[in-house]
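Those letters in the sequence shown? Residues 19 to 216, per our numbering, in order.
Heads up: the structure comes next, in C-alpha cells.
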Amino acid sequence: MMMDNETLASLQDLELYKAAQVINLYLPPIIIILGCLVNVLSILVMRSHYFRNVSTSIYMTAGAINDSTSLLVALLPHWLFVNYPYVYNRTDSSDDMCKFFNFYGFSNTDFTMILTACMTADRAYAIKFPLRVATADMVKRAKIMIVVGAVVVGIKNFHLWFCSVMSPPESKERLCSVKATGDSFQFFVQEVSLGEKS
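Below, the structure is given as C-alpha cells:
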C-alpha cells in the first residue's frame, strides 16, 4: 500500500511529536537533579581552603549558584507547564508570576554571559600583568564585578516587569510571553530575543 506525501509527513510529524513528548517529560528532571548536584560539588570545591583566595573561584561559585537557581526557578516551572499545564491557574496574579519568570529568565542568561566575560578578563589581566595581580586584591575585585554585573543586568531587564503576560491558553510551548508594544520593541522581542520570524 502506497502512502501519499501528506500522510507520510503527518506520520513523521506524529513520531517527532511523540519523541519530543518523551524528551520533555524525562530529560529535564535528570538535568535538574544532576545539574544541581554538580553545581553543589563545584561550590564545595571552589570554597575549599585551596581555592578560596583565587578570584576565578569567586566567579565559578557565582556561576554555579546562578546555574542552580536557573534550573530550579526557570526549568522546573517550564517542565511543569509543558507536561502538566493544568497546574497553573489563570488568575489575576498570573501576569505577576510571568513578570518574575521573564525578568529572572532573561536576567539569568545575561548574568551568565557577564560572569564568563568577567572571568575571562580577570584571567587575561592575570596573564598580562602577573606582578600587579600578586599585590592586588583580585578576590575583592571579583566580588565587586559580580555585584556591578548583577545591577547592570537588573537595569537592562527591568522593563520586563511591565510588559510580561501569561501566554494564551492555547499556547503549549511557552507559559509566559512578552507583550510587544511599538514597532521597534515588537521587532526586538519577536526576532531578536525569541528568534521568531514574522
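Idealized CB from N, CA, C, for every residue including glycine.
Just curious, the beta strand (DSSP E) that residue i is in, first and last residue?
| i | result |
| --- | --- |
| residue 73 | First-last for residue 73: 73-88, but that is the alpha helix (DSSP H), not the beta strand (DSSP E). |
What does residue i pair with, by DSSP beta-bridge criteria?
| i | result |
| --- | --- |
| residue 194 | 184 |
Quick one: measure Cβ to Cβ for residue i and residue j, integer angstroms, because I've assumed they're closer than 8 Å.
| i | j | result |
| --- | --- | --- |
| residue 156 | residue 140 | 7 Å |
| residue 48 | residue 89 | With a Cβ gap of about 11 Å, residue 48 and residue 89 do not count as contacting. |
| residue 193 | residue 95 | 7 Å |
| residue 107 | residue 178 | Wrong, their Cβ atoms sit about 22 Å apart, outside the cutoff. |
| residue 105 | residue 42 | Incorrect: roughly 15 Å between the Cβ atoms, too far for contact. |
| residue 124 | residue 168 | Not quite, the Cβ-Cβ distance comes to about 13 Å (not below 8 Å), so this is no contact. |
| residue 53 | residue 133 | No, residue 53 and residue 133 are not in contact; Cβ-Cβ is about 16 Å, not under 8 Å. |
| residue 160 | residue 76 | 4 Å |
| residue 182 | residue 117 | 4 Å |
| residue 1 | residue 126 | Outside the shown range of the chain, which is 19 to 216, sits residue 1, and nothing can be said about it. |
| residue 44 | residue 92 | In fact, because the Cβ distance is near 18 Å, the residues do not count as touching under 8 Å. |
| residue 60 | residue 78 | 6 Å |
| residue 137 | residue 87 | Contact flag wrong, Cβ pair sits at about 18 Å. |
From the DSSP output, in three-state form, read off residue i for me.
| i | result |
| --- | --- |
| residue 150 | helix |
| residue 57 | helix |
| residue 118 | helix |
| residue 66 | coil |
| residue 201 | helix |
| residue 130 | helix |
| residue 189 | coil |
| residue 138 | helix |
| residue 106 | coil |
| residue 125 | helix |
| residue 28 | helix |
| residue 112 | helix |
| residue 209 | helix |
Check for me: the alpha helix (DSSP H) holding residue i runs from which residue to which?
| i | result |
| --- | --- |
| residue 96 | 94-101 |
| residue 159 | 156-174 |
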